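Chains as they are written, first to last, in the working numbering: chain E, -5 to 116; chain U, -5 to 116.
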DNA sequence: TTGACGCATTCCGTTATCGGCATACGATTG
DNA sequence: CAATCGTATGCCGATAACGGAATGCGTCAA
């Protein structure tokens, strides 16, 4: 309904592959920026920018340690994403996707056999 | 490491609130485009465009029924998202986030008590 | 205090994204 | 056949996102 403030949303923050990778790294323990730069092989400003986005949605938090800033993961906002997808878990677990495949093939068969229209009603 | 083909990725497709809403609707059953237009209150072209993105990542599939195109959900690509977030589930369940909060406050307290710099060592 | 270090921020150019509008196109109806 | 319905696509303008390079700023060492 409402426009989404693009960047202030965990879904959006996580849509960036580098940001997911940063989260994956921080999941194994807190790290200063320089560490991330080295591991990821990105330029330092880009890493800082990604961290900024992650900070804005509260997916990471920072602590100053001398002249370095140590980031750590805050998994809480991921719960929202998890809850959303979890609602679909049932669907693929119960092989409804397989049923879809079968339906697809059935319809192909039928249309070559007898041109049978299917009506849908909701 | 590699650049992400922005739109050909389930994470990205799902980052759009309208697209999530479309998926939520289709989770309750297949629907023709016109239905979605009415329910969502969006202009028809926008709905078609969002459906196109969802189709490109195989989150929805279409079936022609006369002059209308009936869309249905294909939950399979969501599994990738689910698997990724599920890896973090342990983290918020075990109240590690709560521990973070406590740590934050401890550091605040210390710095107001005696202007004590906190040293951290890794 | 000066200089180096660690990180954040800014500016720039490019590309992607999104909504709005018009239009094209196949299927149906008359 | 022409007119209409249901959808998809193309074009436009505005805005956001991203990488790169330069720079700002606080902290530490000499």
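Yeah, the Cβ is synthetic: ideal placement off N, Cα and C, and Gly gets one too.
These figures come from a predicted structure and were not determined experimentally.
Option nearest residue 58 of chain U by Cα separation, candidates U:7, U:82, U:24, U:6
The sequence position of residue 58 of chain U within the second chain is 64, counting from 1. Measuring from the Cα of residue 58 of chain U, the nearest candidate turns out to be U:24.
Inspect the beta-carbon positions of residue 73 of chain E and residue 12 of chain U and report whether they are closer than 8 Å.
The residue you call residue 73 of chain E lines up with position 79 of the first chain. The residue you call residue 12 of chain U lines up with position 18 of the second chain. No, Cβ-Cβ distance for residue 73 of chain E and residue 12 of chain U is not below 8 Å.
Which of helix, strand or coil does DSSP assign to residue 32 of chain U?
As a first step, residue 32 of chain U must be located in the second chain, where it is residue number 38. DSSP places residue 32 of chain U within a helical segment (H, G or I) once states are collapsed to three.
Could you name the residues of chain U that residue 73 of chain E contacts, counting a contact when the two beta carbons are closer than 7 Å?
On the first chain, residue 73 of chain E is found 79 positions in, with the first residue counted as 1. In chain order: 86.
Three-state secondary structure assigned by DSSP to residue 77 of chain E
Here residue 77 of chain E is taken as the residue at index 83 of the first chain, counted from 1. Helix, per DSSP.
Counting C-beta neighbours from all protein chains within 10 Å, is the total for residue 137 of chain U 16 or more, i.e. buried, or is it exposed?
Lying outside -5 to 116, the shown extent of chain U, residue 137 of chain U is not represented and no answer is given.
When DSSP builds the beta bridges, which residues end up paired with residue 64 of chain U?
Walking along the second chain from the start, residue 64 of chain U turns up at place 70. According to DSSP, which records beta bridges pairwise, residue 64 of chain U is partnered with U:26, U:57.
Backbone CA spacing between residue 21 of chain E and residue 15 of chain U [nearest angstrom]:
On the first chain, position 27 is the one that residue 21 of chain E refers to. On the second chain, position 21 is the one that residue 15 of chain U refers to. Straight-line Cα distance between these residues: approximately 30 Å.
Check the Cβ-Cβ distances between residue 63 of chain E and every residue of chain U, and say whether any is below 8 Å.
Sequence index remark: in the first chain, residue 63 of chain E carries index 69 (1-based). Cβ-Cβ to chain U under 8 Å: no for residue 63 of chain E.
So, does the CB of residue 8 of chain E fall closer than 8 Å to a CB anywhere in chain U?
Translated into positions along the first chain, residue 8 of chain E becomes position 14. Yes, because at least one Cβ of chain U sits closer than 8 Å to the Cβ of residue 8 of chain E.
Count the other CB atoms, across all protein chains shown, that sit within 10 Å of the CB of residue 4 of chain E; report buried if there are 16 or more and exposed otherwise.
Residue numbering aside, residue 4 of chain E sits at position 10 when the first chain is read from its first letter. Flag for residue 4 of chain E reads buried.
Starting from residue 41 of chain E, trace the alpha helix (DSSP H) both ways and give me its first and last residue.
The residue you call residue 41 of chain E lines up with position 47 of the first chain. 38 to 50 is the extent of the alpha helix (DSSP H) around residue 41 of chain E.
8 Å Cβ cutoff, residue 56 of chain U in contact with chain E
For the purposes of this step, residue 56 of chain U is identified with residue 62 of the second chain, where counting begins at 1. Not one chain E Cβ lies under 8 Å of residue 56 of chain U.
Going by CA-CA distance only, name the one from E:77, E:46, E:38, E:10 that's closest to residue 66 of chain E.
On the first chain, position 72 is the one that residue 66 of chain E refers to. Checked all of E:77, E:46, E:38, E:10; the closest Cα to residue 66 of chain E is E:46.
Find the residues of chain E that neighbour residue 79 of chain U, judging by a C-beta separation of less than 7 Å, and give them in chain order.
The residue you call residue 79 of chain U lines up with position 85 of the second chain. What residue 79 of chain U touches in chain E: 72, 75, 76, 79.
Could you name the residues of chain E that residue 21 of chain U contacts, counting a contact when the two beta carbons are closer than 8 Å?
Translated into positions along the second chain, residue 21 of chain U becomes position 27. Within chain E, the residues near residue 21 of chain U are 81, 82, 85.
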